[in-house]
Amino acid sequence: MHPFSFATTAQILCESGASLRLAELCRERGAQRVLIVTDPGITRLGLLEPLLPGFARAGMGVQVFDQVLADPPEAVVLAAVAQARELQAELVVGFGGGSSMDVAKLVALLAHPDCGQALSEIYGVGNARGRRLPLIQVPTTAGTGSEVTPIAIVTTGETTKMGVVSPLLLPDLALLDADLTLGLPPAVTAATGIDAMVHAIEAYTSALKKNPLSDLLAREALRLLAANLDEVVRNGSNREARQAMLLGACLAGQAFANAPVAAVHALAYPLGGHFHIPHGLSNALVLPQVLAFNAPAAAPLYAELAPLVLGEQLRAGSAAAQTEQLIEALAGFSQRSGLPTRLRDAGVSEVMLPTLAADAMLQQRLLVNNPREMNEQQALAIYQAAY
32 MHPFSFATTA QILCESGASL RLAELCRERG AQRVLIVTDP GITRLGLLEP LLPGFARAGM
92 GVQVFDQVLA DPPEAVVLAA VAQARELQAE LVVGFGGGSS MDVAKLVALL AHPDCGQALS
152 EIYGVGNARG RRLPLIQVPT TAGTGSEVTP IAIVTTGETT KMGVVSPLLL PDLALLDADL
212 TLGLPPAVTA ATGIDAMVHA IEAYTSALKK NPLSDLLARE ALRLLAANLD EVVRNGSNRE
272 ARQAMLLGAC LAGQAFANAP VAAVHALAYP LGGHFHIPHG LSNALVLPQV LAFNAPAAAP
332 LYAELAPLVL GEQLRAGSAA AQTEQLIEAL AGFSQRSGLP TRLRDAGVSE VMLPTLAADA
392 MLQQRLLVNN PREMNEQQAL AIYQAAY
């Protein structure tokens, strides 16, 4: 066995309805003033309305920052930090999808009274220093796993993103409440669910840090996600299936936080940067082609995952044959969910494919984890196959 380290969120609460106790959970951590970081859609849907009276009853101060955008730019992060400082927040809650939770991580770090670092100084791996405010993460989609990862992604230019990676970003509590996901539209449910599947698959095949714990989590995550995704897309009010999806996404997040993702994400990021395609859909659009590219190196591992997705439908055969079945099954989730399955159907222009390939090569932080080495021409061929 290779040496490895494993770090994750200190506490996970997996319980339908648990978000109604959010004020109580904040008070247990000694906070009197709380900033909730979220997006305009959450406010519009009224998801916070049942939770906020609890803060008043507990005699606590609470403010909501609801200006988070998808692929959040630096300006949004800095505005949230400014509000936290003005409030003198003692605890930060990330409430929403991955973007809101990523911003909340950075606010908890940069709004700490003792923080002397600027946002620009903490990009990269291990550059954040000092302490952060207590942090609770409440996902409202079953996808990113941001509630258990030490990573926050920020849009730094027109099409470029940078990551902050530090154990300091791991929250104190991840609260998984299926009631918050019951109203998710089918397309969002499908895209975020496939995103979580990609996390599990890429963690299981991660070249550098794959380990026994990440393997266990990735396998159980993929089993839960594959068994419940069709149901939650078809019947979004199935609370039990929604809770299983949240847990699956969380387990996949724990896996890839310790055995990082690879080429699927590296090729997905430029799609989001140039065409503002949601992250989960970006992953889904290139997933079959990247797995096919990786198959010569990773087929034995893909064959180990195939039964978790296909169950009794898996036909006997070689590792390569079972990998083909796995790829077909994963593509089937997108097709059944009505998601675009080709880049052209998602608004990508063919003339941009070489630019996308060049940009994907900038994601070396991710590509080093891929089970098969990839160059720019191969990345271009993958985009062309997905077009």
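In case it helps, the working numbering puts the sequence shown at residues 32 to 418. Virtual Cβ for every residue (Gly too), placed ideally from N, Cα, C.
Grab me the residues of residue i's own chain with a C-beta within less than 7 Å of its C-beta, minus the 5 sequence neighbours each way, in chain order.
| i | result |
| --- | --- |
| Gln415 | Leu384 |
| Val179 | Thr39, Thr40, Ala205, Cys281, Gly284, Gln285, Ala288 |
| Leu411 | Leu384, Pro385, Ala388 |
| Cys146 | Leu140, Gly161 |
| Ile358 | Pro319, Leu322, Ala323 |
| Ala360 | Val340, Leu341 |
| Met392 | Glu407, Ala410 |
| Gln114 | Leu66, Gln94, Phe96 |
| Leu78 | Thr171, Leu211 |
Could you tell me the boundaries of the beta strand (DSSP E) in which residue i lies?
| i | result |
| --- | --- |
| Cys281 | From DSSP, Cys281 is part of no beta strand (DSSP E) but of the alpha helix (DSSP H) over 270 to 289. |
| Arg64 | 64 to 68 |
| Val123 | 122 to 127 |
| Ile43 | 42 to 45 |
| Gln94 | 92 to 96 |
Between residue i and the rest of its own chain, which residues show a CB-CB distance below 6 Å, the 5 nearest in sequence each way excluded?
| i | result |
| --- | --- |
| His296 | Leu397 |
| Ala89 | Ala54, Arg58 |
| Leu137 | Val108, Ala183 |
| Arg375 | Tyr418 |
| Gln94 | Leu66, Leu118 |
| Leu166 | Val123, Ala139, Pro202, Asp203 |
| Pro371 | Ala377 |
| Ala62 | Glu121, Leu122 |
| Leu302 | Ile308, Ser313 |
| Ala221 | Val264, Ser368, Leu370 |
| Gln168 | Gly125, Met132, Glu178, Pro202, Ala205 |
| Gly348 | none |
| Ala106 | none |
How would you write the range of the alpha helix (DSSP H) that residue i sits in, first residue to last?
| i | result |
| --- | --- |
| Cys57 | 53 to 59 |
| Ile167 | First-last for Ile167: 166 to 170, but that is the beta strand (DSSP E), not the alpha helix (DSSP H). |
| Asn158 | Premise fails: Asn158 is in no alpha helix (DSSP H) and is neither H nor E. |
| Thr74 | 71 to 76 |
| Asn259 | 243 to 265 |
| Pro309 | Where Pro309 is concerned, there is no enclosing alpha helix (DSSP H), given that its DSSP letter is neither H nor E. |
| Leu109 | 105 to 118 |
| Pro84 | 84 to 88 |
Can you find the residues in the same chain that come closer than 8 Å, C-beta to C-beta, to residue i, ignoring five residues on each side of it along the sequence?
| i | result |
| --- | --- |
| Ala38 | Pro181, Pro198, Leu201, Ala288, Asn289 |
| Val321 | Ala294, Val295, Leu298, Ile413 |
| Leu339 | Arg250, Leu253, Arg254, Ala257 |
| Arg1 | The first residue shown for the chain is 32 and the last is 418, placing residue 1 beyond what the model contains. |
| His307 | Ala101, Asp102 |
| Leu332 | Tyr235, Thr236, Pro402 |
| Leu76 | Gly214 |
| Lys240 | Phe35, Asn289, Ala290, Pro291, Asn400 |
| Arg116 | Ala142 |
| Ser268 | Leu213 |
| Gly363 | none |
Give the C-beta separation of residue i and residue j to the nearest angstrom, bearing in mind that I take them to be a contact with Cβ-Cβ under 8 Å.
| i | j | result |
| --- | --- | --- |
| Ala135 | Val124 | 7 Å |
| Ala111 | Arg64 | That belief does not hold up - the Cβ atoms of Ala111 and Arg64 are roughly 15 Å apart, past 8 Å. |
| Ser130 | Asp102 | 7 Å |
| Gly174 | Gly311 | 5 Å |
| Asp261 | Arg367 | 6 Å |
| Val229 | Asn314 | 5 Å |
| Pro104 | Thr186 | 5 Å |
| Ala238 | Pro402 | 5 Å |
| Met276 | Val292 | Wrong, their Cβ atoms sit about 19 Å apart, outside the cutoff. |
| Leu207 | Ile43 | 7 Å |
| Leu83 | Ser50 | About 11 Å; that fails the 8 Å criterion. |
### Task
Entirely within the stretch 178 to 226 and at least 3 residues each: give me those beta strand (DSSP E) ranges in chain order.
182 to 186, 192 to 196, 204 to 207
### Any alpha helix (DSSP H) of 4 or more consecutive residues that is wholly inside the stretch 337 to 415
350 to 368, 384 to 391, 395 to 398
### Query
So, do the stretch 232 to 241 and the stretch 204 to 224 have three or more beta carbon pairs nearer to each other than 8 Å?
no
### Query
Counting Cβ pairs closer than 8 Å, one from the stretch 354 to 364 and one from the stretch 326 to 340, do we hit at least three?
yes
### Query
Should the stretch 152 to 170 be regarded as contacting the stretch 189 to 197, the criterion being three or more beta carbon pairs within less than 8 Å?
yes
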